Amino acid sequence: MTSQDYTLAELAAFTESRLEGSGECRIRGVAPLESAGPDDISFLANPKYRAHLADTRAVAVILPDTESADAYDFAVLRADNPYLVFARIARILLNPVPRVIPGVHASASVAAGARLSDTARVDAQAVVGEGTVIGDRCRIGPGVVVGDNVVIGDDCRLDANASVLDGVRLGARVHILPGAVIGGEGFGFAHAGDHWEPVPQLGSVVIGDDVSIGANTTVDRGSQGDTVIGNGCKIDNLVQVAHNVHIGEHTIIASGTGISGSTRIGRYCTIGGSVGFAGHLEIADGVTFTGMAMVIGNVPEAGVYSSGIPAMPTRDWRRSAVRFRQLDEMARRLEKLEKAMENTKERDEQ
Amino acid sequence: MTSQDYTLAELAAFTESRLEGSGECRIRGVAPLESAGPDDISFLANPKYRAHLADTRAVAVILPDTESADAYDFAVLRADNPYLVFARIARILLNPVPRVIPGVHASASVAAGARLSDTARVDAQAVVGEGTVIGDRCRIGPGVVVGDNVVIGDDCRLDANASVLDGVRLGARVHILPGAVIGGEGFGFAHAGDHWEPVPQLGSVVIGDDVSIGANTTVDRGSQGDTVIGNGCKIDNLVQVAHNVHIGEHTIIASGTGISGSTRIGRYCTIGGSVGFAGHLEIADGVTFTGMAMVIGNVPEAGVYSSGIPAMPTRDWRRSAVRFRQLDEMARRLEKLEKAMENTKERDEQ
Amino acid sequence: MTSQDYTLAELAAFTESRLEGSGECRIRGVAPLESAGPDDISFLANPKYRAHLADTRAVAVILPDTESADAYDFAVLRADNPYLVFARIARILLNPVPRVIPGVHASASVAAGARLSDTARVDAQAVVGEGTVIGDRCRIGPGVVVGDNVVIGDDCRLDANASVLDGVRLGARVHILPGAVIGGEGFGFAHAGDHWEPVPQLGSVVIGDDVSIGANTTVDRGSQGDTVIGNGCKIDNLVQVAHNVHIGEHTIIASGTGISGSTRIGRYCTIGGSVGFAGHLEIADGVTFTGMAMVIGNVPEAGVYSSGIPAMPTRDWRRSAVRFRQLDEMARRLEKLEKAMENTKERDEQ
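Residue numbers (the numbering used here), protein chains in the order written: chain D, 1 to 350; chain P, 1001 to 1350; chain X, 2001 to 2350.
If you want it as structure tokens, here you go:
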């Protein structure tokens, strides 16, 4: 996988990390501690994996300041954030995003009125609709459907079988992973006595720069006004973003999370997996939710929030789950006892 | 986005809502209170947004009876259900479902034995299988796969990259959103000691009229007998409907919900986001589950049901989560104390 | 649906089940108890459906030893696992997996350097990339995208609109259901102060033999090293398998479950629907999680584990949910009362 090699000293300079020991060794690849070879650099970010330090064959390891390296032979790069330095070195060494080869595959279907950059690529069986504009160095992957009047900025990648529907606007360097659906109709129905009537979904989806949208994730178009995803947001697989949701810049959302209609999430939030948001909520900047949290109220202050019950042996769980239904009654009985005890004491003290 | 305009009086008549003030103003569009212009009608359904009434530039607003309009300049349409009247006016003014242009795109692949209405459309890169019948004014979107022997009623829309597999039957006016999978093989495996053996999934999927199936939602074919979705059901994105599930008419299901095999859900149910249903359950008509509810028993009576723990600061949550495991023990200690207190009292009273 | 018929005695012999009564009747089909006709065999596995035994028109029924058949006219096959015997008889009678007709559809796009077995099929609008190898009797379904340098073993089925991306390796008899995404980029971003930087995802996905991957499920490629799914695993729809997850052989995972990065799940595990796993966990062999369990710690021992709160009437739930936040305080008050009671007793006994 190696494409180029550098000395450790060069990599330290490029990434502004601190070299310990000789910087002369040549680095050709990156690998996890347990599978690294003698040309590889590795890293330790999660102390869980510390035991692998003793056995690694890596020639150099990126370590946080808190981790002693006295017992080991490898060279060391010191970094506040070893994972970030690792990421940068991996990008320098391996350049894993393949260069885009311009052109339209013979089997693709591009509307006469679409405007594609000369440097963009449209892969096999892809579809590009009327009035759509595609920027420089974009890659429209195989089987992708891009609707009419879509605007796609420079350096975007749309992976296999993704769908980006009519009127959606993507910034620059947006990455849409396979099977994602951007701009599906919002889920809006008005109750009409004995049936539901569709509410026209007239808005679109606007996605900023440097956004990543995961595989099979769905981002619905707004009902009135747009659904908006800010610059730098990173959204994982199988996430639901309902109509008119706004997500602030640089917020990161793990897989399986669902965000109901018109909820607004702040900037620099961190949202764990399978979190559920009710609709019409306001979440402040800098809020973290741990996985499976159930968010049914506004969160006006930054901080870390959680809910859910961690798994336990089923026998124990059954007993606790039954008692959960009695919790209010238990609390009342506790109060009553406290009063009775108070009375007893008072009487005794008389 | 305007395509036609009407006077407010005409719109009041069409929607059987009550006009307050002059009906002569012309309405050209619909918009949220905060972005409406002087040709637009807006509405207030959620009192959360009441503050916008003071600032709106809308020429008319649809209001419930409970909402005073004395302080404002706009004309008023009174309605029991402002959202429904808004939906109808939006459809009248904007007609947002594009007219279907009949024909088969040159890049589509339609089997020789498929029978398509002359008024149907098959878009770019779509596939239609042998023996499949497609009704009037249907739109088979780009990249859609329709299998063999599928029956699709009139006025259906199948959006980009959806898959409707062999033998599935859709009623009229069914809307399948992008990436949805209808008729994938059910998840049936029999335990055979040291491995799992596939159980043939011999049934199909039958979907009634006026059903909407969300983006990347999956509806599996029955193992024996069919999976059935009744008329008028509205199902959101990323929902799982397992084999042999039956969903009664006009039930609405929000995103992320999973329904396990052979569960039967009644008519006119309202199911929040990310609700989980165990298999083989019976849910009555008119049941509402709030988001993230965990349904592991039958629900024989209409009503509103919930579960889950709302998110709270993580520090507080940790403490409560630990105590949850001790709940049964706490309940027993509480009982013991009550008895002791009873004894103390009795003794005191002797 | 019948393709062939057998006597009951023959089916008993093929499936090593015990015949009760005459084995001469001819069986032409399989059906549920309530819809079976006089040529069909049915089965009872779930005692919930016992009432249907009295009314079934099936000529024979597969029953466990524990179920008396004295009151009924049908012939009986006795089996420890009626569902398994049913599955095998259904496969014998109906052979539901259609034979693969070799060839490449005219609308498919197969790269010049791909190597396809003569007995494989590539359906309409499918894409097969450079350097990819496809084994005997494989069926690449309509709209499927197979990337470059993929290796697909014999007898695999890739259903409509699935995506299997560059470098993924599938064993033999793997079934990828519609819309599934195998080998999408892992979700790896390093925090860089005011933004997130992508971490190159350099690994791939390796899937063993006899694996099934559900509709719209996503399996991400590893960041370093591969994501690995062992032989015989069965994974349902809409499941997320993050980068570098390892799943042991013959583990079965129901719909909606999410497994975070680098978690390792053992062999022969049974994982219910919508279970959530944190990252970097170790789960032993033979562990069962019930639906919606929240797994945030290692599970070093086989057993059954659960969490979550079963749905209850919303009024009751509100009260309990409020008390949940007070649980720790309640526990402390309980302790205090116990001490007070102890003191009272001691004093009384003096």
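In this text, a Cβ means the ideal position worked out from N, Cα and C, and glycines have one as well. Being a predicted model, the structure only gives us computed values, none of them experimental.
| task | Could you work out which residue in S274(D), T218(D), G276(D), D209(D) is closest to G248(D) when comparing CA atoms only? | result | D209(D)
| query | Are the C-beta atoms of T7(D) and some chain X residue less than 8 Å apart? | reply | no
| Apart from the five residues just before and just after H2243(X), which ones in its own chain have a Cβ nearer than 8 Å to its Cβ? | Non-local C-beta neighbours of H2243(X) in its own chain, meaning closer than 8 Å and more than five positions away in sequence, comprise G2186, F2187, G2188, Q2201, G2203, D2220, R2221, G2222, S2223, T2227, G2261, S2262, ordered along the chain.
| query | Mind checking whether G1279(P) and M1292(P) have CB atoms under 8 Å apart? | reply | no
| said: I'd like the list of long-range same chain contacts for G1179(P), defined as Cβ closer than 7 Å, with 5 residues on each side in sequence excluded. | reply: N1161, A1162, A1215, N1216
| request: Determine the DSSP secondary structure at Y1083(P), reduced to helix, strand or coil. | output: Here DSSP, grouped into helix, strand and coil, assigns Y1083(P) to helix.
| query | Going by other Cβ atoms of all chains shown within 10 Å of its Cβ, with 16 needed for buried, is K1048(P) buried or exposed? | reply | exposed
| field | DSSP bridge partner residues for P1198(P) (one or two, in chain order) | value | F1189(P)
| request: Please list the partners that G1131(P) has in chain X, where partner means a Cβ-to-Cβ separation under 9 Å. | output: Neighbours of G1131(P) on chain X: none; closest Cβ ~14 Å, over 9 Å.
| request: Taking 8 Å as the threshold, find out whether the region 2104–2111 of chain X comes into contact with the region 2030–2040 of chain X through three or more Cβ pairs. | output: no
| For A2090(X) and V1199(P), believed in contact at Cβ under 8 Å, the rounded distance | 7 Å
| query | If you draw a straight line from the alpha carbon of F289(D) to that of T2288(X), how long is it in whole angstroms? | reply | 27 Å
| request: Could you check what DSSP says for T2015(X) in three-state terms: helix, strand or coil? | output: helix
| Since A1331(P) is in the alpha helix (DSSP H), which residue starts that stretch and which ends it? | 1327–1349
| What residues from chain P crowd round H280(D), counting only those whose CB sits closer than 9 Å? | N1046, K1048, Y1049
| said: Less than 8 Å between CB atoms is the rule here; does N216(D) satisfy it with respect to chain P? | reply: yes
| field | First through last residue of the beta strand (DSSP E) which encompasses R78(D) | value | 75–78
| task | Could you tell me which residues DSSP pairs with E282(D) in its beta bridges? | result | R264(D), per the DSSP bridge assignment.
| Nearest candidate by alpha-carbon position, reference I1207(P), set D1194(P), C1233(P), H1195(P) | C1233(P)
| query | In whole angstroms, what is the alpha-carbon distance linking V1181(P) and Q4(D)? | reply | 44 Å
| field | chain D within 8 Å of W1317(P), Cβ atoms only | value | yes
| task | May I ask you to list the residues that DSSP assigns as paired with M2312(X)? | result | S1306(P)
| task | Just the C-alpha distance for V127(D) and G147(D), rounded to the nearest angstrom, thanks. | result | 8 Å
| For S274(D) versus G2258(X), is the C-beta distance shorter than 8 Å? | yes
| said: At 3 residues or longer, what runs of the beta strand (DSSP E) sit wholly inside the region 202–252 of chain D? | reply: 205–207, 218–220, 227–229
| task | Just the chain P side, please: which residues come within less than 8 Å of G143(D) by C-beta, in chain order? | result | Q1125, G1143, N1161
| query | Of the residues that make up the region 2216–2239 of chain X, which ones have a beta carbon closer than 8 Å to any beta carbon in chain P? | reply | N2216, G2232, K2234, D2236, N2237, L2238
| said: Excluding the 5 residues flanking A12(D) on each side, which residues of the same chain have their C-beta closer than 8 Å to its C-beta? | reply: Hits under 8 Å: R18, L19, G23, L77.
| message | On the DSSP letters alone, give me the boundaries of the beta strand (DSSP E) that D40(D) sits inside. | response | 40–43
| request: Would you kindly work out how many angstroms separate the C-alpha atoms of V2144(X) and A1112(P), rounded to a whole number? | output: 21 Å
| Nearest residue (CA-CA) to I1213(P), options I1041(P), S1068(P), I1176(P) | I1176(P)
| message | Taking CB distances under 8 Å as the criterion, tell me whether S2107(X) reaches chain P. | response | yes
| task | Going by DSSP, name the residue or residues bridged to R2121(X). | result | G2103(X), R2139(X)
| field | Listed by chain order, chain D residues near S1022(P) by CB distance under 8 Å | value | Under the 8 Å cutoff, chain D gives no residues; its nearest Cβ is about 25 Å from S1022(P).
| query | What whole-angstrom Cβ distance do Y6(D) and I92(D) have, given they're in contact under 8 Å? | reply | 7 Å
| query | With distances taken from CA atoms, which of M2312(X), A2302(X), E2301(X), A2045(X) is nearest I1296(P)? | reply | M2312(X)
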